[in-house]
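Data first, discussion second: the structure below is written as structure tokens.
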Amino acid sequence: QQTQTTLDSFFDST
Amino acid sequence: MLEARLQTGALLKKVLEAIKELITDANFDCSDNGIALQAMDNSHVALVALLLRHDGFEPYRCDRSLALGVNLVSLSKVLRCAGNDDIITLKADDTADVLSLTFENTDNDRISEYELKLMDIDSEHLGIPDTTYEAVVQMSSAEFARICKDLQVLSDSVQIDVTKEGVKFGAKGELGSGAVTLKQNGNVDKEEEATLIELQQNVSLNFSLKYLVNFTKATPLASRVSLSMSSEVPLLVEYKMEAGYIRYYLAPKIGE
């Protein structure tokens with residue numbers, strides 16, 4: 001089963 | 001204050017159609033550069049980044065940077081009151097508790113004025129790192145929309161494989177499987193329909209079709225779309241407009 005990742009780990013909060 | 005007059009009001013209507021299902025509230029960040037918006041969907045799987053450059057408006061005036069917090073469903077309802085050929089002017093004061101919209105028809109004998117209440121939105125800005133993508137596919141936006149819609153019949157995800165020969169979109173589900181391959185064909189007569197691939201390395205990534213179908217609501221904004229991919233980083237789907245762009249980022253699906 002594939003898991004949907006989120007963007008949080010890719011983009012930094014500024 | 002902000003004053004931005006858009007000769008082709010239909011553009012703004014199309015932009016709203018392209019983002020309103022993905023995000024509900026967002027800040028329109030107005031500066032002398034133009035009007036920008038960046039927002040993630042509720043589940044943090046997708047992000048929309050929009051830019052309408054100042055040179056797309058005539059005139060465009062923004063003395064001080066302003067963040068206009070807008071409920072996008074409400075704005076799109078108000079924009080439905082504008083005719084497709086209307087000229088749209090957006091105005092807001094520095095205190096910015098309302099956004100004024102004026103719609104003028106081309107004969108300039110019907111002028112309608114609306115005010116939309118603004119809201120305070122605490123949005124976190126994300127730093128999107130500059131990425132050199134392993135594969136960039138440029139293709140017809142209508143073709144991309146068709147492929148996403150067709151494959152959604154079979155599955156809720158699509159596997160995108162890019163090689164120097166072409167790009168393959170494949171889906172597997174309970175009722176069976178399907179795949180569409182577009183060969184790289186840079187020398188076709190119709191430039192708008194060409195599929196062009198810039199490749200550093202083959203990629204194979206999986207994405208949710210629900211989101212991709214949602215992104216294709218931007219199809220009326222541009223005849224071309226580009227898909228930029230690298231292993232294990234978000235997909236960038238970009239529609240370029242004459243004076244700006246709409247970019248969507250989508251987190252990949254991983255694992256077996």
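So the sequences go chain by chain: G and V.
Residue numbers for the first sequence follow my numbering, so the first one is 1 and each next one is one higher.
Residue numbers for the second sequence follow my numbering, so the first one is 1 and each next one is one higher.
We put the beta carbon where it would ideally sit given N, CA and C, even for glycine.
Would you please state the rounded distance, in angstroms, between the beta carbons of residue i and residue j? I believe it to be under 8 Å.
i              : j              : result
residue 262(V) : residue 45(V)  : Absent from the structure is residue 262(V), since the part of chain V shown begins at 1 and ends at 256.
residue 235(V) : residue 249(V) : 7 Å
residue 134(V) : residue 230(V) : 4 Å
residue 73(V)  : residue 139(V) : With a Cβ gap of about 31 Å, residue 73(V) and residue 139(V) do not count as contacting.
residue 152(V) : residue 165(V) : 25 Å between Cβ atoms; not a contact.
residue 243(V) : residue 53(V)  : 4 Å
residue 79(V)  : residue 12(V)  : 6 Å
residue 50(V)  : residue 15(V)  : 7 Å
residue 176(V) : residue 1(G)   : Their Cβ separation, rounded to whole angstroms, is 19 Å, which puts residue 176(V) and residue 1(G) out of contact at 8 Å.
residue 141(V) : residue 60(V)  : In fact, because the Cβ distance is near 27 Å, the residues do not count as touching under 8 Å.
Check the Cβ of residue i against every Cβ in chain G and list those closer than 7 Å, keeping chain order.
i              : result
residue 206(V) : 2
residue 234(V) : 7 and 10
residue 179(V) : Neighbours of residue 179(V) on chain G: none; closest Cβ ~17 Å, over 7 Å.
residue 157(V) : 2
residue 44(V)  : 6, 7 and 8
Name the chain G residues whose beta carbon is nearer than 9 Å to that of residue i?
i              : result
residue 229(V) : Simply none; closest approach about 13 Å.
residue 47(V)  : 7 and 11
residue 255(V) : 1, 2 and 3
Quick one: using the 10 Å Cβ neighbour count with 16 as the cut-off for buried, is residue i buried or exposed?
i              : result
residue 210(V) : exposed
residue 125(V) : exposed
residue 257(V) : Coverage of chain V is limited to positions 1 through 256, which leaves residue 257(V) absent and any answer about it impossible.
residue 38(V)  : buried
residue 170(V) : buried
residue 208(V) : buried
residue 247(V) : buried
residue 27(V)  : buried
residue 22(V)  : buried
residue 127(V) : exposed
residue 90(V)  : buried
residue 34(V)  : buried
residue 9(G)   : exposed
Please state whether the Cβ-Cβ distance between residue i and residue j is less than 7 Å.
i              : j              : result
residue 217(V) : residue 157(V) : no
residue 204(V) : residue 161(V) : yes
residue 9(V)   : residue 111(V) : no
residue 36(V)  : residue 25(V)  : no
residue 19(V)  : residue 69(V)  : no
residue 118(V) : residue 96(V)  : yes
residue 94(V)  : residue 1(V)   : yes
residue 83(V)  : residue 108(V) : no
residue 65(V)  : residue 31(V)  : yes
residue 3(G)   : residue 251(V) : no
residue 4(V)   : residue 57(V)  : yes
residue 167(V) : residue 137(V) : yes
residue 173(V) : residue 196(V) : no
residue 159(V) : residue 206(V) : yes
Give the residues of chain G in contact with residue i, contact being defined as C-beta atoms less than 8 Å apart.
i              : result
residue 261(V) : Since the first residue shown for chain V is 1 and the last is 256, residue 261(V) is missing from the structure and cannot be characterised.
residue 40(V)  : 7
Members of the stretch 237-251 of chain V that neighbour chain G once the beta carbon cut-off is set at 9 Å = 249, 250 and 251
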